[in-house]
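Here's the structure we're looking at; comments come further down.
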Amino acid sequence: MSEEKKQRLEEVFLAVWKGRENADCVWWDGVWWSWNRLNDLAKDCEQKLKDAGFARGQRIAILLPNSPMVFALSVAAWRLGGAVAPLNARTGIPNLLDTIHLLDVNAVIMLEELYEKVEETGQAIPIPIVPAKTDSPLPQWKGRIGKPETEDIAIIFSTSGTSGNPKAVTCLHTNIMGNVDVIAEHVPGLLDADSIFLNVLPNFHTFGYNTAGLLPMLSGIRQAVLPSFVPVNNTIDAIRAAKVNVIVAVPTVMTFLIGALVKTDERIEGMKFVITGGDKLNISLDERSKKHLGCGIVEGYGLTECSPVVAVNRSEEARKLGTVGQPFCNYEIEIHDRDGNLIDLHEEGVLWVKGPSVVPGYFRDEKTTAERFKDGWFNTGDVVQVDEDGYIKIVDRATDIIIVSGFNVYPQEVEAVLCEHPAVQAAVAVGEKNSIAGELVKAFIIKKEGMDVSAKELMQHCREKLAHFKVPRKIGFVDEYPISPAGKILRRELRKQKIQ
């Protein structure tokens, strides 16, 4: 990178590319791509976007697996002053319609195989859908022109809000660089020239897109890109073939990866870092990681609204197991009680953060933005304990979000779908601890008088309307819910209740 500090991502990519044109960049489908090859694909995407009417302040939706095309489309959109919005293809087009309309996109770029299925089922939407391959030029299309936004926006990550309505996090170029700029100092050796990252976490999630993908890309570091983590043996083969020595993953991925190595009593040599985030790490996994990957696990913590990393242990030697490490140096942190009052930094309370990585808010949603952001500060909603050395321990979540394999599941969304069934009077969804996924969704149903329905029927009803990780794995039936003196349902009591 040149001495002049770059803050737009396409400028950083260009600065990194110069001097590395023919060097290895991305390992894909068993072959190393050069920086030149990736840049050529980005230039083709740029021209196709321009021809489609894509311009400054516009957005393009991406429903693709991790692949060179994701990088190429992103760089192309940024060069034209626009933004990308990666979405979870497994959610299905019908379930993404509200989000796509909210994002007001020029077009939806969709994997060719998925496009063919959408065409077969006639799931037409009033927005151009463009079939795409993972590693070759796009076709031409005529896009729609949405209302322009500031070209400072780089990426928009979408989730369901606590009401079940779409919620989109607006991530600026400067937010991402605020994370990238400090990580090399915070985690020495992570971004050395010999590092090779594993990019296998899904790119519709900020941890996969920003940390596993963009971080090495914008740092001139090589990475192995895989469209999916499963089958696990394929991932293990790719790690060996590409000589991956840095794994960025959620704990669930590490459970399956290490589990597969344990079964065959194998060990992967040369690993430098294993970093986890997105969910609480079961520290018993650490010893197995040392045995089968040659190094312990370094745990971190982040949120989509923080682009995403807030804190991470600096190294295996300096870490404190059971904590997520110390915050990056460019964050200010405060601890508030549950009523929002500022309390002592070392008291147990809700973590608030402020810094260049904190996003400005939610896309076209002033109300929700005002609920979580105040004067540059962001309420993480997580209850923490900060020790005398600044290490953060996550105690609990102030919200009722259920985290399945590192992905947020909002109970109200699940409950809304369950209540659509004609036999359901009321539904409450909560998380249940699970050794593999961290948590699974379970639901408690009150049936309408005189009507009957089975747990199996309700699960199938949910499968048709929700992403797979949001579907309740257990459903129980009750006559009433435990209620607090204030009239609120006591979800913590429901979490304790067993469902056979």
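Residue numbering for the sequence shown follows my numbering, beginning at 871 and increasing consecutively.
Beta carbons: idealized from backbone N, C-alpha and C, even for Gly.
On a Cα-Cα basis, can you pick out the residue from the options that is closest to residue i?
i            : options                   : result
residue 936  : 900, 1082 and 1072        : 1072
residue 1092 : 1337, 1285, 1361 and 904  : 904
residue 1364 : 1301, 1171 and 1230       : 1301
residue 1197 : 1239, 1257, 1138 and 1142 : 1257
residue 1359 : 1154, 899 and 1270        : 1270
residue 892  : 885, 907 and 883          : 907
residue 1366 : 876, 916, 1311 and 1338   : 1311
residue 1205 : 1254, 1242 and 1158       : 1254
residue 1180 : 1195, 1191, 1013 and 1188 : 1195
residue 948  : 1025, 1325 and 1098       : 1025
residue 1280 : 978, 1036, 1004 and 914   : 1036
residue 1014 : 909, 1007, 1369 and 997   : 997
residue 1260 : 1043, 1193, 1289 and 1283 : 1193
residue 1284 : 1350, 1275 and 1298       : 1298
residue 1228 : 1123, 1156 and 1039       : 1039
residue 1155 : 1291, 1132, 1295 and 1078 : 1132
residue 1018 : 923, 999 and 1322         : 923
residue 1307 : 1110, 1264 and 1122       : 1122
residue 1006 : 938, 979 and 1203         : 938
residue 1110 : 890, 881, 1345 and 900    : 900
residue 1304 : 909, 960 and 1150         : 1150
residue 1003 : 1023, 940, 990 and 1020   : 940
residue 1124 : 1276, 1348, 1342 and 999  : 1276
residue 1118 : 1143, 1138 and 1136       : 1143
residue 933  : 884, 984, 883 and 885     : 984
residue 1022 : 1265, 1045 and 1138       : 1045
I think residue i touches residue j, with their Cβ atoms under 8 Å apart; what is that distance to the nearest whole Å?
i            : j            : result
residue 973  : residue 942  : Residue 973 to residue 942, Cβ: 20 Å. No contact.
residue 976  : residue 1016 : 6 Å
residue 955  : residue 925  : Wrong, their Cβ atoms sit about 16 Å apart, outside the cutoff.
residue 1293 : residue 1318 : 6 Å
residue 982  : residue 1001 : 4 Å
residue 1182 : residue 1145 : 7 Å
residue 877  : residue 1056 : Residue 877 to residue 1056, Cβ: 19 Å. No contact.
residue 1274 : residue 1309 : 6 Å
Name the one or two DSSP bridge partners that residue i has.
i            : result
residue 981  : 1002
residue 1232 : 1039
residue 1029 : 1037
residue 1181 : 1171 and 1197
residue 1308 : 1304
residue 1278 : 1273
residue 1255 : 1263
residue 956  : 932
residue 1206 : 1212 and 1220
residue 904  : 894
residue 1249 : 1222
Which same chain residues end up closer than 7 Å to residue i when comparing Cβ atoms and leaving out the 5 residues on each side of it in sequence?
i            : result
residue 1186 : 1165, 1166 and 1168
residue 1130 : 1102, 1103 and 1106
residue 915  : 942, 943, 946 and 1008
residue 1112 : 897, 1066 and 1094
residue 967  : 995
Which same chain residues end up closer than 8 Å to residue i when comparing Cβ atoms and leaving out the 5 residues on each side of it in sequence?
i            : result
residue 1058 : 1184 and 1185
residue 1054 : 1060, 1061 and 1089
residue 1052 : 1198, 1199 and 1200
residue 1353 : 1359 and 1360
residue 1332 : 1284, 1287, 1288, 1340, 1341 and 1342
Using a 10 Å radius around the Cβ and a threshold of 16 neighbouring Cβ atoms, would you call residue i buried or exposed?
i            : result
residue 1103 : exposed
residue 1075 : buried
residue 898  : buried
residue 1245 : exposed
residue 928  : buried
residue 1416 : This structure leaves residue 1416 out entirely; the chain is present only between 871 and 1370.
residue 1362 : exposed
residue 1211 : exposed
residue 1087 : buried
residue 1041 : buried
residue 1290 : exposed
residue 1063 : exposed
residue 873  : For residue 873, the pLDDT reaches just 46, beneath the cut-off of 50, and the residue's location in the model is therefore unreliable, although a value from the coordinates is still provided. Residue 873 should be labelled exposed.
residue 1321 : exposed
residue 1100 : exposed
residue 1175 : buried
If you drop the 5 nearest sequence neighbours on each side, which residues of the same chain put their C-beta closer than 6 Å to that of residue i?
i            : result
residue 1114 : 1066, 1068 and 1094
residue 894  : 902 and 1092
residue 1141 : 1115, 1163, 1164 and 1165
residue 1249 : 1222 and 1242
residue 1158 : 1128
residue 1346 : 1314 and 1369
residue 1267 : 1252
residue 1272 : 1279, 1301, 1309 and 1311
residue 1235 : none
residue 1081 : 1118
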